[in-house]
Amino acid sequence: MKNIIKLSLLLLPSFFFHHSVLAHCQVPCGIYTDQLRFEQMLEDQSTIDKASKLIAELSSKKDAQSKNQLYRWVSTKESHASNIQKTIAEYFMIQRIKPSAKEYDVKLKSAHAVMVAAMKCKQSIAPENANILKEAILSFHKIYETKK
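Residue numbers (the numbering used here): 2 to 149.
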């Protein structure tokens, strides 16, 4: 019983202060560079493009190995599109694009366009979706860089 009381007393402050601690950011500030995030998103986009082409190629094959590879490429495409959405949401929109930033609304719209393009890549293997995603990332990069 004594241990439960001690543990409760230790955890009690966390119920009052956790919101202010978590609200600051999700990772230590300044460790990741913005340019690295853009490079990673472009790498994810390249993987989505490749996956879409291989899914189209493998979908007509009937052997077990091809079916296995098909499912793996679908999963990979989904994962990389989610990576892009997560980067936009958790890195740029939460931590980097501030309401006080110059052209805040333009940057938000551009970030949103990247997220929508990534979503469309999840929904389809159409090559134009991967191209639209790449253009959205490059456009967001250009707009985002005006912050400095």
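Quick reminder that beta carbons are idealized off the backbone N, C-alpha and C, glycines included.
In the DSSP assignment, R73 falls within the alpha helix (DSSP H) that extends over A65 to K87.
Looking at the backbone, the Cα of V107 and that of I144 are separated by about 8 angstroms. Secondary structure at A127: coil, using DSSP grouped into helix, strand and coil. In this model, K103 and Y92 are separated by some 18 angstroms (Cα to Cα). Closest option to S60, judged by alpha-carbon separation, among W74, S47, I49 and T48: W74. At the C-beta level, Q46 and I138 come within 8 angstroms of one another. Beyond the five residues adjoining it in sequence on each side, T48 comes within less than 7 angstroms, by CB distance, of T77 and H81 in the same chain, given in chain order. Here S61 carries a coil assignment [DSSP, helix/strand/coil].
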